[in-house]
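Worksheet: the structure to be examined is printed underneath.
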Amino acid sequence: GILVAVGVFNRPTFLLYAFAPLFFWFQRGVSNKSMFSPFQIFNFRIAALIPIIIVSSSVLLLTDSLYYGQLTLRKLWDLTMSYDDWKLVPFNFIMYNIVPGNVASHGVHPYWTHAMVNLPLLLGPLAPIFLISIISWTSDVISLPWKQKPGVRTVYSLTLFSALLPVLGLSLVQHQEARFLLPILPSVILMCSHKLRWKIAGWRPLLSLWYAFNILAAVLVWLPPSSVRCPPDPEEHLLRFSDISAPDIS
Numbered sequence: 575g576i577l578v579a580v581g582v583f584n585r586p587t588f589l590l591y592a593f594a595p596l597f598f599w600f601q602r603g604v605s606n607k608s609m610f611s612p613f614q615i616f617n618f619r620i621a622a623l624i625p626i627i628i629v630s631s632s633v634l635l636l637t638d639s640l641y642y643g644q645l646t647l648r649k650l651w652d653l654t655m656s657y658d659d660w661k662l663v664p665f666n667f668i669m670y671n672i673v674p675g676n677v678a679s680h681g682v683h684p685y686w687t688h689a690m691v692n693l694p695l696l697l698g699p700l701a702p703i704f705l706i707s708i709i710s711w712t713s714d715v716i717s718l719p720w721k722q723k724p725g726v727r728t729v730y731s732l733t734l735f736s737a738l739l740p741v742l743g744l745s746l747v748q749h750q751e752a753r754f755l756l757p758i759l760p761s762v763i764l765m766c767s768h769k770l771r772w773k774i775a776g777w778r779p780l781l782s783l784w785y786a787f788n789i790l791a792a793v794l795v796w797l798p799p800s801s802v803r804c805p806p807d808p809e810e811h812l813l814r815f816s817d818i819s820a821p822d823i824s
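In this note's numbering, the protein residues as written are 575 to 824.
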């Protein structure tokens, strides 16, 4: 509960990353032999989390309001605080982003930017493997008989949804940066890295490509800016190849 509250106050989109892990945790260990039904146990666990979230959120609200707002201990003691004294960060975040033009001022990107540009920037050869794995899993769910469908209570499904839901949710927002997808890296690596072992004539081309991608990325990151002649924004550079007008970031 504390982690959820801190995550939401840090950035409300945290819920996109937390939804799948929380869902799997709520139903983990549920048994049909219990005196309560699985549905009741699921709801009990959610209900037990709510008071912790409320208390943690209250502490964060009070701390932010005292540090960033006009709230003082004197106003709290005299109960003279007003609405403007409180700083509710998630609410301010949402209100800022729903105002027309605010998101556009940071740059507007096509809805497919995360899937086609940012994932390859972050994952290299794992990006197409990740997308193909999602398509394959979805195809199995749709086409296979009921008893042969992939399970949704497995570690594989946990990592899949932990990565897929944030990508889908954040793709609905027109401002898309690669750094927004950084939290999905552990899930994608756990889900897809074993597929890099694919061999052809005793050689593992995907694994070699993975090593080369990470070594090159590490070198480019650690080189001083003066020695690397590259565009200031890789996303803008890649989008130009698709004849997409990127925002002016200067």
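Even glycine gets a Cβ: it sits at the ideal position worked out from N, Cα and C.
| Check | Outcome |
| --- | --- |
| Cutting at 8 Å between CB atoms, please list the residues of its own chain near Pro757, excluding the five before and the five after it. | Tyr591 and Pro740 |
| What is the residue span of the alpha helix (DSSP H) that Ile628 lies within? | Pro612 to Tyr642 |
| Between the C-alpha atoms of Phe588 and Gly581, what's the straight-line distance to the nearest angstrom? | 6 Å |
| Taking buried to mean at least 16 other C-beta atoms within 10 Å of its own C-beta, is Ile823 buried or exposed? | The predicted model places Ile823 with a pLDDT of 44, which falls under 50 and marks its position as unreliable; any figure quoted below should be read in that light. Burial call: exposed. |
| If we count the other Cβ atoms within 10 Å of its Cβ and call it buried at 16 or more, is Ser631 buried or exposed? | buried |
| What does the alpha-carbon distance come out to for the pair Arg585 and Leu780? | 35 Å |
| Could you tell me the boundaries of the alpha helix (DSSP H) in which Ser761 lies? | Leu759 to Cys766 |
| Let me check understanding here. Comparing Cα to Cα, which of Leu693, Ser713 and Arg778 lies closest to Ala750? | The sequence shown places Gln at residue 750, rather than the Ala named in the question. For Gln750, the nearest C-alpha among the options comes from Leu693. |
| In whole angstroms, what separates the C-alpha of Val578 from that of Phe665? | 16 Å |
| Measuring CA to CA, which of Val629, Leu697, Leu653 and Arg648 is closest to Ala792? | Leu697 |
| Buried or exposed: where does Thr687 fall if 16 or more other Cβ atoms within 10 Å of its Cβ makes it buried? | buried |
| Quick check on Phe704: buried or exposed, where buried means 16 or more other Cβ atoms within 10 Å of its Cβ? | buried |
| Measuring alpha carbon to alpha carbon, tell me which residue in Arg648, Ser736, Ile576 and Trp784 is nearest Pro625. | Ile576 |
| For Thr646, which residues from the same chain have a beta carbon less than 6 Å from its beta carbon, with the 5 sequence-adjacent residues on both sides left out? | none |
| Taking Met669 as part of the alpha helix (DSSP H), name the residues at either end of that continuous run. | Val663 to Ile672 |
| Within 10 angstroms of its Cβ, does Lys661 collect 16 or more other Cβ (buried), or is it exposed? | buried |
| Throw me the rounded Cβ distance for the Phe735 and Ala594 pair, which I believe falls under 8 Å. | 4 Å |
| Do you know whose CA, among Leu783, Tyr785, Tyr730 and Met690, lies nearest Pro760's CA? | Tyr730 |
| Rounded to the nearest angstrom, how far is the Cβ of Ser707 from that of Cys766, given a contact under 8 Å? | 6 Å |
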